[in-house]
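Residue numbering for the sequence shown follows the working numbering, beginning at 270 and increasing consecutively.
Just so it is clear, CB atoms sit at the ideal spot from N, CA and C, and this is done for glycine as well.
All of these numbers come straight from a predicted model, not from anything done at the bench.
Here is the structure we will look at, set down as structure tokens.
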Amino acid sequence: MRILFLEDDSQLGSWVTNGLREEGHVIDHFEDGKDALMAAMAQEYDLLILDRMVPGLDGLAVLKSLRASKNTTPALFLTAVGEVDARVEGFDAGGDDYLTKPFAFAELSARVGALGRRREGLEARQAEATVLRHGDLSLDLLARTCKRQDQQIELLAKEFKLLEYLMRRPGRLVTRTMLLEQVWDMSFDPTTSVVETHISRLRTKIDKPFDTPLIRTRRGEGYVFGR
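As structure tokens, then:
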């Protein structure tokens with residue numbers, strides 16, 4: 270799994286990072302909450318591990334911001350703030366698990382594994398879906414058809430693949446690089462405008478004829494799908 274880890278204690282951070290890497294995970298370790306938030310909004314992670322008391326934004330504020338932007342990545346709080354009220358606050362903010370310091374690495378590893386299995390199960394169920402829906406828009410993956418407000422919309426192959434990728438990530442920032450890699454199987458290329466061209470064509474078909482646009486641009490960052 271790719272894991273974002275927010276912890277300002279460099280010694281503890283290195284210990285946890287090294288341990289999780291030995292188990293095969295890819296870890297992005299941040300000591301500042303603002304840096305962690307920017308990273309979580311710019312790319313996809315399978316799990317967030319967040320300390321509560323860090324410089325910049327604390328872990329609770331980071332998670333609240335992500336949940337407000339419809340980011341549903343599972344989150345584990347790893348913190349010395351262990352009072353019942355603090356735990357409840359963490360769960361209310363959108364946390365999925367809460368482990369207090371000091372802790373045994375074996376327990377952290379077990380909790381990480383459990384959250385990973387839960388996410389894999391959800392993704393498997395989503396992958397099995399043959400029709401993706403968002404409001405009045407539907408995309409039939411078997412029939413290869415697209416409808417909005419019961420109006421048939423003709424999509425070219427790449428437009429279909431692009432829309433499918435966006436619809437599987439509602440409310441989440443999708444960067445230009447992510448689209449190049451996942452939709453076009455290309456590495457980063459600053460000279461190509463293929464993403465912008467296809468986004469424009471897709472908007473012409475699924476947004477402009479209707480009252481509510483579904484594809485939003487975040488200038489300098491990428492795109493967000495959904496209302």
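The three-state reading of DSSP puts Leu332 in helix, counting H, G and I together. Under the criterion of beta carbons closer than 8 Å, Phe479 and Arg417 qualify as touching, at roughly 6 Å. Of the residues Gln421, Met310 and Thr444, the one whose Cα lies closest to the Cα of Leu431 is Thr444.
Thr466 is classed as exposed because its beta carbon has fewer than 16 other beta carbons within 10 Å across all chains shown. Per the Cβ contact rule, the stretch 359-369 is not in contact with the stretch 306-313 (fewer than 3 Cβ pairs under 8 Å). Excluding the 5 residues flanking it on each side, Ser456 has same chain C-beta neighbours closer than 8 Å at Leu449 and Glu450, in chain order.
Ranked by Cα distance from Asp419, the first of Asp405, His298 and Arg413 is Asp405. DSSP places Arg356 in the helix class (H, G or I) of the three-state scheme.
Here the stretch 338-356 makes contact with the stretch 365-375; the two share three or more CB pairs at distances below 8 Å. The stretch 460-476 and the stretch 287-304 do not touch, with fewer than 3 CB-CB distances between them shorter than 8 Å. Straight through space, the alpha carbons of Leu275 and Leu316 are spaced by roughly 11 Å. Put simply, of Val381, Pro439 and Arg380 the residue whose alpha carbon is nearest the alpha carbon of Leu401 is Pro439.
In the structure shown, Tyr492 falls within a strand segment according to DSSP collapsed to helix, strand and coil.
The shortest C-alpha to C-alpha distance from Arg496 to any of Val353, Arg487 and Leu483 is the one to Leu483. Contact annotation, Pro343 with Leu408: C-beta distance approximately 25 Å; criterion of less than 8 Å not satisfied. In the DSSP annotation of this structure, the continuous segment of the alpha helix (DSSP H) that includes Thr466 starts and ends at Val463 to Ile475. In the structure shown, Val285 adopts helical secondary structure according to DSSP, grouped into three states.
Following the DSSP letters along the chain, one finds Ala308 inside the alpha helix (DSSP H) bounded by residues Gly302 to Ala311.
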